[in-house]
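Under this note's numbering, read the sequence shown as residues 194 to 445, first letter to last.
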Amino acid sequence: MPEWDYVAGTFVDPQTGDPLTSWDDALAVMDEVDDLEPAHVIRFGVQAKPIQILGGTDKMERRVRYLTKYLTKSVADLLEPDSRRVAEHYDRLHAEMCVTPCSQSCGVWLRYGIVPKGATEKTQPGYCKRKAHRRDTLGVPGRRVLNSKKWTGKTLPDHKAERAEFVRQQLAAVGIVKPDTSHVRVYPVPPGDPDAPPRENLVMALVAARSKWRAEYNTALIALAENPPGDQVVSHGPVVPQQISTIQQAAA
Numbered sequence: 194m195p196e197w198d199y200v201a202g203t204f205v206d207p208q209t210g211d212p213l214t215s216w217d218d219a220l221a222v223m224d225e226v227d228d229l230e231p232a233h234v235i236r237f238g239v240q241a242k243p244i245q246i247l248g249g250t251d252k253m254e255r256r257v258r259y260l261t262k263y264l265t266k267s268v269a270d271l272l273e274p275d276s277r278r279v280a281e282h283y284d285r286l287h288a289e290m291c292v293t294p295c296s297q298s299c300g301v302w303l304r305y306g307i308v309p310k311g312a313t314e315k316t317q318p319g320y321c322k323r324k325a326h327r328r329d330t331l332g333v334p335g336r337r338v339l340n341s342k343k344w345t346g347k348t349l350p351d352h353k354a355e356r357a358e359f360v361r362q363q364l365a366a367v368g369i370v371k372p373d374t375s376h377v378r379v380y381p382v383p384p385g386d387p388d389a390p391p392r393e394n395l396v397m398a399l400v401a402a403r404s405k406w407r408a409e410y411n412t413a414l415i416a417l418a419e420n421p422p423g424d425q426v427v428s429h430g431p432v433v434p435q436q437i438s439t440i441q442q443a444a445a
């Protein structure tokens, strides 16, 4: 297997010491080859049964629940071999999946003399822990539907930020204002730091903070249900920022 050269900053051939082909160079070669044919071709049938789902209709909720049920069903449930022939086929397929790259950053590329994109000294040559190589998925990486950015134009961090902002607005509507942490800079705690709190304290503080956040959000939902938007919300006191969280206190 190739070895990491700390001087060159890349993987090299263990016998000659020559650097392996980088990911960008491999892509450049692929662009220059016009008549390149795929190594394997699989053609599926033309059978299809499209079902239109319209919002607001009687069947919408039932069809969406039915669809998501089977989209999220574990693939492992379908891999119980019912004969020796099927079991041997699964074994062969799994063996191929173990040596077939699953993505541009897959460590299996090093088996073929190509340095995967973003490889570092921590990359394990010829090995990748993603789901595409596992026995219980057999090549299905786990994503049953297209990424939401395909139709919304938003990435997962975008959706996460929107959810966080929605929660902040709900809390602010009932007078719960979280402290501004935009000016706070977080550094990792180096090993052996005498000022670092015990791990048990951090875990318990995190559990307490999660419980507090959930209680605050439930309180906001109840208050908003009793006083819908547009109605005047009765405040029982001045709106003040919340105190420093228990996590920050434990880490101080």
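We treat Cβ as the ideally placed atom computed from N, Cα and C, and that holds for glycine.
In the structure shown, the three-state DSSP call for Glu196 is strand.
Ile307 sits in a strand when the DSSP states are folded into three classes. Ranking Gln362, Leu303, Ile369 by CA distance to the CA of Gly319 puts Leu303 first.
For Ala288, the closest of Val257, Lys315, Val400, Thr330 by C-alpha to C-alpha distance is Thr330. Leu260 and Ile244 have their alpha carbons spaced roughly 11 angstroms apart.
Around the C-beta of Leu220, fewer than 16 other C-beta atoms lie within 10 Å, and the residue is accordingly described as exposed.
Beta-bridge annotation (DSSP): Thr203 is paired with Asp198. Assignment of Thr412 by DSSP, reduced to helix, strand and coil, places it in the helix class. Each residue's CA atom was taken as its position, placing Val234 and Pro294 some 16 angstroms apart. Annotation for Val279: the continuous alpha helix (DSSP H) segment containing it runs 277-291. Counting C-beta atoms within 10 angstroms of its own C-beta, Gly300 has 16 or more neighbours from the protein chains shown and is therefore classed as buried.
In this structure Thr374 is not in contact with Val308, their Cβ atoms being roughly 39 angstroms apart against a cut-off of 8 angstroms.
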